[in-house]
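Start counting at 1 in the sequence shown, then tack on 25, and there's your number in this note's numbering. As structure tokens, the structure follows; a few thoughts come after it.
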Amino acid sequence: MTVALILAAKGRDVVTTQPHRTLAEVAEVLVAKNIGAVVVADVEGRILGILSERDIIRAVAKRGANVFNDAVSMHMTIKVTTTTEDVHVYEALEQMTNQRFRHLPVVSNGRLAGLISIGDLVKHRLAECEFEHKAMREYIATA
């Protein structure tokens, strides 16, 4: 299964923000949408960075609560690892596990096309295991 099929099942909507927004504004969005990260993008959909809960916590730990008035651009992760829709789910899962991040933007033609999370991939893997388990039970029952 590819990343495209994950996006087809979950949808392609991505919560984005602009680099001049404040950490407080983004924190409110994260809480309201019950999500762990936002992609920082320009008006054409080009990825400029990503801001996660971890980025916010690191900023608070370094400088205190005053960071909530800072621009997102001051604390976002600039070097964003991305993937494409044709990548196999296992490859994306391995990449996220090895590089220790939980959100992976999906790009197509240089533009943001979706976002997958480690939760999306684990959900897929659990469904796949359940399917295999059921098939084995049925095979054994008919043997």
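Where is the CB? At the ideal position from N, CA and C, for every residue including glycine.
Extent of the continuous beta strand (DSSP E) run through residue i
| i | result |
| --- | --- |
| H128 | H128 to S133 |
| A138 | R136 to S142 |
Rounded distance between the beta-carbons of residue j and residue i, thought under 8 Å
| i | j | result |
| --- | --- | --- |
| E110 | V28 | 5 Å |
| I75 | T102 | 5 Å |
| V40 | K58 | 6 Å |
| V114 | L146 | 6 Å |
Identity of the residues DSSP links to residue i by a beta bridge
| i | result |
| --- | --- |
| G74 | V65 |
| S98 | Per DSSP, none; premise fails for S98. |
| H113 | T27 |
| T108 | V131 |
| T167 | According to DSSP, which records beta bridges pairwise, T167 is partnered with nothing at all. |
| T42 | V65 |
Straight-line gap, residue i to residue j (C-alpha atoms, nearest Å)
| i | j | result |
| --- | --- | --- |
| G135 | G36 | 19 Å |
| R127 | A90 | 24 Å |
| L30 | A66 | 24 Å |
| T122 | V112 | 15 Å |
| L118 | I143 | 7 Å |
| E53 | T42 | 12 Å |
| R162 | E50 | 51 Å |
| F93 | P44 | 14 Å |
| I60 | Q124 | 20 Å |
| V63 | R150 | 24 Å |
| L32 | I141 | 7 Å |
| M15 | R88 | Missing from the structure shown is residue 15; the chain here goes from 26 to 168 and no further. |
| S77 | K148 | 21 Å |
| E116 | F156 | 20 Å |
| S98 | Q120 | 25 Å |
Residue i, enclosing alpha helix (DSSP H) - first and last residue
| i | result |
| --- | --- |
| M26 | Counting along the chain, M26 falls outside any alpha helix (DSSP H), and DSSP gives it neither H nor E. |
| V54 | L48 to K58 |
Spatial neighbours of residue i in its chain, beta-carbon cut-off 8 Å, leaving aside the 5 residues before and after
| i | result |
| --- | --- |
| V132 | I72, T107, T108, T109 and A138 |
Heavy atom of the ligand ADP within 7 Å of residue i beta-carbon
| i | result |
| --- | --- |
| R127 | The ligand ADP is not part of the structure shown, which contains no ligands of any sort. |
Contacting residues, own chain, Cβ-Cβ under 7 Å from residue i (five flanking each side not counted)
| i | result |
| --- | --- |
| D181 | With the chain represented from 26 up to 168, any question about residue 181 goes unanswered, as that position is not in the structure. |
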